[in-house]
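Remarks on the structure that follows.
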Amino acid sequence: MSVIELRGVSRRYEVGGGVVIALEDVDLEVEIGKFIVVLGPSGSGKTTLLNMIGALDTPTDGEITIAEQRVAIARALATGNRVLLADEPTAKLDFHTGIQILELLQDQTHAGITVLIVTHNRELSRCADRVIELSSGRVMTDGPPAGGQVTIAALHW
Ligand SMILES: Nc1ncnc2c1ncn2[C@@H]1O[C@H](COP(=O)(O)OP(=O)(O)O)[C@@H](O)[C@H]1O
Ligand SMILES: [Mg+2]
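Everything in the sequence shown is counted per this note's numbering, starting at 40 for the first residue and increasing by one.
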């Protein structure tokens, strides 16, 4: 069962007479209790995507559905504590602390919480159930880690 669905979600920013497309036509279904990594280089739209899911920002096109009830402003309330969003949670940490944070986050999935981590660190994506890779605001790949899922203990960066 999915907790969140995005259909044709785009987010454009008007900047100094021009337009920046931060997210373009994104379709996603986010399932309960999954450990999901959103991977992509800086500027690929990761934070924008997370902000949409967390209702900190709204799409310019498309729609977001929560647990089959359409929600705009009340999204954070509707998801309750079933979704945990973390934007670059390990970026400023030393390796060992980063690993501890990852373990703490992954543990939450055992309680049925969906954890969505945004990162530019590909190594980190190896321990995910599902990797959603962004490039220039678009989903390029979406599925299990390319080399197969490994335990957090097997990660090195
Ligand atoms: N508030 C904003 N105003 C204008 N452009 C923005 C804004 N937020 C993000 N962008 C642009 O949207 C693109 C995606 O940004 P972002 O989602 O922050 O990427 P990431 O988190 O992957 O680094 C970038 O080109 C960024 O400059
Ligand atoms: Mg970001």
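Don't be surprised by glycine CBs; every beta carbon is placed ideally from N, CA and C.
| Asked | Found |
| --- | --- |
| G55 classed as buried or exposed, judged by whether at least 16 other C-beta atoms fall within 10 angstroms | exposed |
| Selection from R50, K131, V189 that minimises the alpha carbon distance to Q200 | Shown here, the chain extends from 40 to 196; a query on residue 200 therefore has no answer. |
| Cross-strand partners of A75 (DSSP beta bridge) | Going by the sequence as given, residue 75 is Ile instead of Ala. Partner(s): L155, R169. |
| C-beta atoms of G84 and L67 nearer than 8 Å | no |
| Residue(s) in a DSSP beta bridge with G57 | V54 |
| Rounded separation between I152 and V42 - CA only | 10 Å |
| Short Cβ contact (8 Å threshold) for L78 with V170 | yes |
| Cβ separation of L231 and V154, assumed to be a contact under 8 Å, to the nearest whole Å | The requested residue 231 does not occur in the structure, where the chain is confined to residues 40 to 196. |
| Buried/exposed call for G182, threshold 16 Cβ in 10 Å | exposed |
| Counterpart residues of G182 in DSSP-defined beta bridges | V170 |
| Presumed contact (8 Å Cβ cut-off) between T129 and L163, rounded CB distance | 7 Å |
| Range of the contiguous beta strand (DSSP E) that encloses G101 | 100-105 |
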